[in-house]
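Residue numbers 1 to 415, in UniProt numbering, belong to the letters of the sequence shown in order. Glycine included, every Cβ here is placed at the ideal spot set by N, Cα and C. Scroll down for the structure; my scribbles are underneath it.
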Amino acid sequence: MNLLEKFEKLNNKLTNLLEENKEIKQHYKNLQEEYQELKEKLDERDYKNLQEENKELKLRLEERNKQCQQHILNLKKQKNEQLELKRQYKSLREENKKLRENLNEKENQFQQHVRNLEKQKNEQLEIFSKNLEKTLEKFELDELNEVNENDIKNLEVKTKFTISPLIDDDIKDKEFIQSIEDSSGSVLFPSKDKGNQTHRSGYLHSENKLLRNCSDIRVVVGLDFGTTYSGFSFCYVTNPKEIITNDQWFGEFISFKTNTVLQYDENNEVKSWGLPALTEKPGRRKSSSNKIRVELFKLHLGKLPDNLKPHLPDGLNYKKTIIDYLREIGEVIKNRIGQHWPTIDFFKQVLLVLTVPAEYSNKEIALMRDCVYNAGLIEKKCSKNLQFTTEPEAVAIYCLNDMENDEILTIGCRL
């Protein structure tokens, strides 16, 4: 029974009581007339009896009137309550309508955001695909014939101590294997960026030399800071075959990588990072508006056109986001190394090898070094405990070590 039906029922009761009251008054009037007639006809004794009876009736009538008046007051009170409930019901309906409109608007905005991200992803994939096609066209197969089995064996000996690479999910679209040096300095695959090749090509050739120069190094960490996912592996230098890939992240199930995502509060302080930054749902609507989620910020370092780079909220820049993320994942690295080797001095006995896209210039690599320093992963900006390798180089080294006992078929060999 809704409020209107209750109100109508109470109103009908009130009407009936008023009619009943009217009838009682009429009856009272009739009694008075009868009383007058009887008074004239009866003697004095009968008159007294009638007078007492009349008095009694009058008292009863007054009592009944009081009850009726009280009932009327109760009905009026109930009527007012019903009106108030009706008003509240109407107000709730209006508020519910507004909330539904806001929800629809938020849903539309979310769907539009998803479409924009999908469009941005497709545009990036198209650009990466074009770059990949251009790189493939530049391959010269004649140079591959110059590489013999002895070169490959020498390269395997030089790269025996390697770090298991954590391949970023988007590397297949962005880069291709570019250059691998053999013992004589020859190149398996020509590099697209000759300027960058000079900076990076010495990594494979001088890896063992680097470890000899850094005699204090006890642990090597390979960090893959990716656009969408990040992760790291580590091992002790005396046992390079026992490579440990981290699969322990805060608030997550076992996974070799975590999302490259940050969530900031209204003061631009990191609230959460990784998968929790995507899955955390605030309990109150007011608090949710104070949390800012930032993704894909690594794209600001590449050669992507400005119109394809993701927007960053006011008060944040891509350098701060990179530093904040490296600081958070750096804490996990330090904790994991501390769990395995409690006596290790992180800043003196740990070599950090950071993978970067092949397209990065010296300027972008220098900026990454600055970010690592500000994130608290090295003591000095020029520290030798931080080295860079390109993602294609890391993939190639891993493949060579993984196929160490396999038969390798090279172009130009005789079956």
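Starting from residue i, follow the alpha helix (DSSP H) in both directions and report where the run begins and ends.
i, result
"residue 395", "391 to 402"
"residue 321", "318 to 340"
"residue 36", "3 to 41"
"residue 352", "Where residue 352 is concerned, there is no enclosing alpha helix (DSSP H), although the beta strand (DSSP E) it sits in stretches over 350 to 356."
"residue 360", "Premise fails: residue 360 is in no alpha helix (DSSP H) and is neither H nor E."
Do you know offhand how far residue i's Cα is from residue j's?
i, j, result
"residue 242", "residue 107", "48 angstroms"
"residue 402", "residue 240", "13 angstroms"
"residue 40", "residue 19", "32 angstroms"
"residue 3", "residue 91", "14 angstroms"
"residue 8", "residue 85", "14 angstroms"
"residue 98", "residue 89", "14 angstroms"
"residue 216", "residue 236", "12 angstroms"
"residue 110", "residue 330", "32 angstroms"
"residue 14", "residue 22", "12 angstroms"
"residue 238", "residue 219", "9 angstroms"
"residue 386", "residue 276", "28 angstroms"
"residue 230", "residue 390", "15 angstroms"
"residue 127", "residue 400", "29 angstroms"
"residue 64", "residue 87", "34 angstroms"
"residue 255", "residue 104", "35 angstroms"
"residue 52", "residue 80", "42 angstroms"
"residue 397", "residue 120", "32 angstroms"
"residue 71", "residue 94", "35 angstroms"
"residue 421", "residue 37", "Given a span of 1 to 415 for the chain in the structure shown, any question on residue 421 remains unanswerable."
Given a cut-off of 9 angstroms on the beta-carbon distance, is the pair residue i and residue j in contact?
i, j, result
"residue 291", "residue 248", "no"
"residue 346", "residue 368", "no"
"residue 222", "residue 356", "no"
"residue 31", "residue 49", "no"
"residue 35", "residue 61", "no"
"residue 359", "residue 309", "no"
"residue 232", "residue 350", "no"
"residue 373", "residue 361", "no"
"residue 25", "residue 82", "no"
"residue 348", "residue 268", "no"
"residue 491", "residue 296", "The question about residue 491 has no answer here: the residues shown for the chain are numbered 1 through 415."
"residue 59", "residue 10", "no"
Just mark residue i as buried or exposed, buried being the case when its beta carbon has 16 or more other beta carbons within 10 Å.
i, result
"residue 313", "exposed"
"residue 378", "buried"
"residue 342", "exposed"
"residue 16", "exposed"
"residue 265", "exposed"
"residue 250", "exposed"
"residue 224", "buried"
"residue 315", "exposed"
"residue 114", "exposed"
"residue 305", "exposed"
"residue 380", "exposed"
"residue 328", "buried"
"residue 257", "buried"
"residue 246", "buried"
"residue 338", "exposed"
"residue 66", "exposed"
Excluding the 5 residues flanking residue i on each side, which residues of the same chain have their C-beta closer than 7 angstroms to its C-beta?
i, result
"residue 324", "262 and 270"
"residue 278", "259 and 261"
"residue 375", "323, 326, 327 and 330"
So the beta strand (DSSP E) residue i belongs to, where does it begin and stop?
i, result
"residue 293", "292 to 295"
"residue 262", "261 to 264"
"residue 271", "270 to 273"
"residue 299", "Careful: residue 299 lies outside any beta strand (DSSP E) and carries neither H nor E."
"residue 235", "229 to 236"
"residue 224", "219 to 225"
I'd like the list of long-range same chain contacts for residue i, defined as Cβ closer than 6 angstroms, with 5 residues on each side in sequence excluded.
i, result
"residue 56", "none"
"residue 244", "234"
"residue 322", "371"
"residue 301", "364"
"residue 334", "346"
Excluding the five sequence neighbours on either side, which residues of its own chain have a C-beta within less than 8 angstroms of the C-beta of residue i, listed in chain order?
i, result
"residue 123", "308"
"residue 78", "10"
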